[in-house]
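*Asks:* Just so we're aligned: the sequence shown equals residues -21 to -1, 1 to 502 in mature numbering (1 follows the signal peptide of the UniProt record, and there is no 0). Here a beta-carbon is modelled for each residue, glycine too, at the ideal position from N, C-alpha and C. In this text the structure is predicted, and so the values were computed from the model without any measurement. Got a structure for you, written out below as structure tokens; questions coming shortly.
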Amino acid sequence: MSFRTAAPFLALFMLSACGGAGDVAPPNSAPPPTSSGSAAATAASAAPDASEPAPQPALAETRSTMNPELKVEAVGLNRVKGKHLVVQLRLTNTGTRKLTWTGEMGDLTRPLGKIQWASGIGVLDAAARTWILPYKPTDSDSPCLCSDQERDGLDYFIAPGASLALYAVMPAPTGTAATTTVVTPVGPPMPDVPISDEPLVTPPGMLIPDPDPDAEPVTTVMREVVTPSEALDRSDETADDGKDLHVNLSSDVLFAVNKATLTPKAKATLARTAKLIDSSAGPAVKVEGHADSSGTDAINEPLSASRAQAVQRALSALITRKGVGFEAKGYGSRRPLYSNDSEEGRRRNRRVTVTFARPQAVETERAATSSTSATPGGAGLKSTGKAGGQPISMEVTGLRRLPDGLGMLTYRITNEGDRAAWFNELHHSRDWMSFQHQAAANVTLTDVKARRQYLPGRLQAPTDDGRVDSYCACSDLSGVRLSTEKFGPGQAKEFWDLFALPEDVATLNVKIADFRELEVPVQ
């Protein structure tokens, strides 16, 4: 459904000709005519003349990984009616050739529909562990309440030196946060962008739809952010979804083959899990036994149940907190986390999963010094290698702590040679088949002292048939971005990954693809 035909049931924030604060128009107000031709596109992208208002100042900026000449600036975050958020971006072509933008801005975690939609603009709500995307109109085919190339008469290309204004309307982050992290599909997220409760200020002619249900029914689009970690000895994997902690204990460590009696090795693993339960305020703990696809249901079902009961008994004896209730159940091979087509997948599916309310992060004093004097951007955070016969380098540009136990790693890869080369190692992670799309997931952070490894976060997207698809919370390397791993002579591109970060560390070891492992300070 087009914007124009949807106008009878859309209330719009009507903007003054000078780009001042918007007023809410009557529900039946229709937008002024727009053109899909070059005149409207020029109005949106051309540099202002002396009679036009000054452009909005940038609050934060990032660069496209695929086209580093494309600069993305956050120019406005406004909380509306206390529950909605309007995000405004400005795209600028800083290069010498025209650039496309529409394919880069679409959300890859839902059906794209028309590529003209900027459905990938969003924010990271760290406290709720959610990736918030634009509303979707419930009663129309429109993918989202956001800028559309055809409807808004925007140029398909951005000329050198020109800019383009985009918007997206979504739920506001939980609480009354003063800042948030703005995310787009094109490049690293922009942390600490201020949120304003002041009236909207927008470019001339921009119309922003009102998401209130009395204007038009809308559906929220959010992705659960899950941050995994694992013990270096492979005894457990932990997944944090912001609400619950899911601890997958390896059955190969806990039990002998086809047995439900705990081994001596299980003691340390269960002690760590019991400590986490003691740190949680939740009254209920679920213990679920799982098997791989080998064997039959007649074996897997009772064995998985017996193993869950054995873990429940052990944890009940180890925890010190009162009032905790346990529920144990076996699921056989019915709920695999990984493909059973490989030995590694089968090993990881043989598990007992312990689920309980996520413990609140405890702020602890961090170490004042580190064994390395390297700082982001310094020579100590650079490694070199080869790609297609060309020298290639990797430099960590930041390991930044975000709110509520999250962190963002950024790193730059540069072709130091005189010929183009492909560097195809970024997506060759151990878990690459777990993701729907190819992504820069071949990255790990290691806490050497705690002997624990942190893996890139996952965005969980429910499907119409009841499944949940996983997407990497990192630089995407699929679709229009398939060529991202190709580097021209001297070309540099910046990538990113989202992780959980332990609160009590000053440095972590970073391993990216086949580059040398680096010790990196946490900012």
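So, with DSSP's three-state summary, where would you put Ala245?
*Replies:* If you number the sequence shown from 1, residue 245 lands on position 266. Three-state result, Ala245: helix.
*Asks:* Taking 8 Å as the threshold (C-beta atoms), are Thr79 and Pro50 in contact?
*Replies:* As a working note, residue 50 is residue 71 in the sequence shown. As a working note, residue 79 is residue 100 in the sequence shown. It should be pointed out that residue 50 corresponds to Lys in this sequence rather than to Pro. Going by C-beta atoms, Lys50 is not nearer than 8 Å to Thr79.
*Asks:* Alpha carbon to alpha carbon, how far is Arg42 from Thr363? Give it in angstroms, no decimals.
*Replies:* For the purposes of this step, residue 363 is taken as residue 384 along the sequence shown, with counting starting at 1. For the purposes of this step, residue 42 is taken as residue 63 along the sequence shown, with counting starting at 1. Whole-angstrom Cα-Cα distance: 23 Å.
*Asks:* Would you call Leu211 buried or exposed, if buried means 16 or more other Cβ atoms sit within 10 Å of its Cβ?
*Replies:* As a first step, residue 211 must be located in the sequence shown, where it is residue number 232. Exposed is the call here.
*Asks:* If you draw a straight line from the C-alpha of Ala245 to the C-alpha of Asn237, how long is it?
*Replies:* Position 266 of the sequence shown holds residue 245. Position 258 of the sequence shown holds residue 237. Spanning the two alpha carbons is a distance of roughly 16 Å.
*Asks:* For the region 250 to 268 against the region 302 to 309, are there 3 or more C-beta pairs whose distance is under 8 Å?
*Replies:* In short, these stretches touch, since the Cβ pair count reaches three.
*Asks:* Could you have a look at Thr160 and say whether DSSP puts it in helix, strand or coil?
*Replies:* Residue mapping note: residue 160 aligns to position 181 of the sequence shown, counting from 1. Of the three classes helix, strand and coil, the one that applies to Thr160 here is strand, per DSSP.
*Asks:* Go ahead and pull the three-state DSSP assignment for Ile298.
*Replies:* Residue mapping note: residue 298 aligns to position 319 of the sequence shown, counting from 1. Note: Ile298 maps to coil in three-state DSSP.
*Asks:* From the DSSP secondary-structure annotation, give me the bridge partner or partners of Trp110.
*Replies:* Residue mapping note: residue 110 aligns to position 131 of the sequence shown, counting from 1. Answer is Leu103, Arg202.
*Asks:* Please list the terminal residues of the continuous alpha helix (DSSP H) segment that includes Glu82.
*Replies:* Your numbering for residue 82 matches position 103 in the sequence shown. Residue identity check: residue 82 is Gly in the sequence provided, not Glu. Note, Gly82: alpha helix (DSSP H), 81 to 84.
*Asks:* In its own chain, which residues sit with a C-beta less than 7 Å from the C-beta of Ala107, not counting the 5 before and 5 after it?
*Replies:* As a working note, residue 107 is residue 128 in the sequence shown. Cβ within range, chain order: Thr153, Gly221.
*Asks:* Do the region 433 to 442 and the region 471 to 479 make contact, defined as three or more Cβ pairs closer than 8 Å?
*Replies:* Yes, the region 433 to 442 is in contact with the region 471 to 479.
*Asks:* Under a three-way DSSP split, which group does Ser349 fall into?
*Replies:* Here residue 349 refers to the residue found at position 370 of the sequence shown. Residue confidence is low: Ser349 scores 32 on pLDDT, short of 50, so the model does not pin down where it sits. Its coordinate-derived value is still stated next. Of the three classes helix, strand and coil, the one that applies to Ser349 here is coil, per DSSP.
*Asks:* State the DSSP-derived secondary structure class of Gly221, mapped to helix, strand or coil.
*Replies:* Within the sequence shown, the letter at position 242 stands for residue 221. DSSP places Gly221 in coil when its eight states are reduced to three.
*Asks:* Distance check for Pro196 and Pro190, CA to CA, integer angstroms please.
*Replies:* To locate residue 190, count along the sequence shown from 1; it is residue 211. To locate residue 196, count along the sequence shown from 1; it is residue 217. Between Pro190 and Pro196, the C-alpha separation is close to 7 Å.
*Asks:* Counting along the chain, where does the alpha helix (DSSP H) carrying Val232 start and finish?
*Replies:* Here residue 232 refers to the residue found at position 253 of the sequence shown. Start and end: 230 to 233.
*Asks:* Leaving aside the five residues before and after Met169 along the sequence, list all residues of the same chain whose C-beta is less than 6 Å from its C-beta, in chain order.
*Replies:* For the purposes of this step, residue 169 is identified with residue 190 of the sequence shown, where counting begins at 1. Around Met169: Ala39, Thr41, Ala53, Val161.
*Asks:* When you compare only the Cα positions, how much space is there between Ser(-6) and Pro183?
*Replies:* As a position in the sequence shown, residue -6 is number 16, starting the count at 1. As a position in the sequence shown, residue 183 is number 204, starting the count at 1. Because Ser(-6) sits at a pLDDT of 31, beneath the cut-off of 50, its placement in the model cannot be relied upon, and the following sentence gives the value as read from the coordinates. Rounded to the nearest angstrom, the two C-alpha atoms are 7 Å apart.
*Asks:* Are Thr240 and Ala289 closer than 8 Å when you measure CB to CB?
*Replies:* Working through the sequence shown from its first residue, we reach residue 240 at position 261. Working through the sequence shown from its first residue, we reach residue 289 at position 310. Yes, Cβ-Cβ distance for Thr240 and Ala289 is below 8 Å.
*Asks:* With distances taken Cα to Cα, identify the nearest neighbour of Leu249 among Arg430, Gly274, Gln291, Ile392.
*Replies:* Translated into positions along the sequence shown, residue 249 becomes position 270. The shortest C-alpha separation from Leu249 is found at Gln291.
*Asks:* Starting from the N-terminal side, write out each stretch of the beta strand (DSSP E) that is 3 residues or longer and does not extend beyond the region 399 to 467.
*Replies:* You should have 422 to 426, 431 to 433, 437 to 441, 447 to 451.
*Asks:* According to DSSP, is Thr75 helix, strand or coil?
*Replies:* Numbered from its first residue, the sequence shown carries residue 75 at position 96. Reduced to three states, the DSSP call for Thr75 is coil.
*Asks:* For Ser230, I'd like the list of residues in its chain whose CB is within less than 7 Å of its CB, leaving aside the five on either flank, ordered along the chain.
*Replies:* The residue given as residue 230 occupies position 251 in the sequence shown. Contacts found: Arg286, Arg329, Arg330, Val331.
*Asks:* Return the chain-ordered list of same chain residues with a C-beta closer than 8 Å to the C-beta of His406, the five sequence neighbours on each side being excluded.
*Replies:* One-based indexing of the sequence shown puts residue 406 at position 427. Within the same chain, His406 has close Cβ partners Gln417, Ala418, Ala419, Ala420, Asn421, Leu456, Glu464.
*Asks:* Secondary structure at Arg313, three-state DSSP: helix, strand or coil?
*Replies:* For the purposes of this step, residue 313 is identified with residue 334 of the sequence shown, where counting begins at 1. In this structure, Arg313 counts as coil in the three-state DSSP scheme.
*Asks:* Go ahead and pull the three-state DSSP assignment for Thr41.
*Replies:* One-based indexing of the sequence shown puts residue 41 at position 62. Strand, per DSSP.
*Asks:* Quick one: what does DSSP say Gly261 is sitting in, helix, strand or coil?
*Replies:* The residue given as residue 261 occupies position 282 in the sequence shown. Residue state, collapsed to three classes: coil.
*Asks:* Verify whether the separation of the beta carbon atoms of Tyr390 and Glu374 is less than 8 Å.
*Replies:* Translated into the one-based positions of the sequence shown, residue 390 becomes position 411. Translated into the one-based positions of the sequence shown, residue 374 becomes position 395. Yes, Cβ-Cβ distance for Tyr390 and Glu374 is below 8 Å.
*Asks:* Answer yes or no: do Leu139 and Glu83 have a C-beta to C-beta separation smaller than 8 Å?
*Replies:* Taking the first residue of the sequence shown as position 1, residue 139 is located at position 160. Taking the first residue of the sequence shown as position 1, residue 83 is located at position 104. First, the residue type needs correcting, since residue 139 is Pro and not Leu in the sequence shown. It is not a contact, given that the beta carbons lie outside the stated cut-off.
*Asks:* Near Ser15, what residues of its chain come up, given a Cβ to Cβ distance below 7 Å and the 5 sequence neighbours on each side ignored?
*Replies:* For the purposes of this step, residue 15 is taken as the residue at position 36 of the sequence shown. Residue confidence for Ser15 is low, a pLDDT of 31 falling below 50, so the modelled location carries little weight; the figure read from the coordinates is stated next. So the qualifying residues of the chain are Glu129, Gly132.
*Asks:* Quick check: what's the CA-CA separation for Lys115 versus Ile137?
*Replies:* For the purposes of this step, residue 115 is taken as residue 136 along the sequence shown, with counting starting at 1. For the purposes of this step, residue 137 is taken as residue 158 along the sequence shown, with counting starting at 1. Near 26 Å, if we compare the C-alpha coordinates of Ile137 and Lys115.
*Asks:* Reducing DSSP to helix, strand and coil, say where Lys290 ends up.
*Replies:* Against the sequence shown, residue 290 aligns to sequence position 311. Correcting the residue type first, residue 290 is Val in the shown sequence and not Lys. Val290: helix per DSSP, three-state reduction.
*Asks:* Leaving out five residues before and five after Thr442 in sequence, what residues of the same chain have Cβ atoms less than 8 Å from its Cβ?
*Replies:* As a first step, residue 442 must be located in the sequence shown, where it is residue number 463. If we look at Thr442 and ignore the five residues flanking it on each side, its Cβ neighbours are Asp448.
*Asks:* In whole angstroms, what is the alpha-carbon distance linking Val341 and Ser259?
*Replies:* Position 362 of the sequence shown, counting from 1, holds the residue named residue 341. Position 280 of the sequence shown, counting from 1, holds the residue named residue 259. Unreliable positioning characterises Val341 in this predicted model, as indicated by a pLDDT of 40, which lies under 50. A coordinate reading is not provided.
*Asks:* Any idea what DSSP makes of Asn46, helix, strand or coil?
*Replies:* Taking the sequence shown and counting its residues from 1, one reaches residue 46 at position 67. Asn46 falls in the coil class under three-state DSSP.
*Asks:* Alpha carbon to alpha carbon, what distance is there between Pro338 and Leu255?
*Replies:* In the sequence shown, counting from the first residue as 1, residue 255 sits at position 276. In the sequence shown, counting from the first residue as 1, residue 338 sits at position 359. Spanning the two alpha carbons is a distance of roughly 7 Å.
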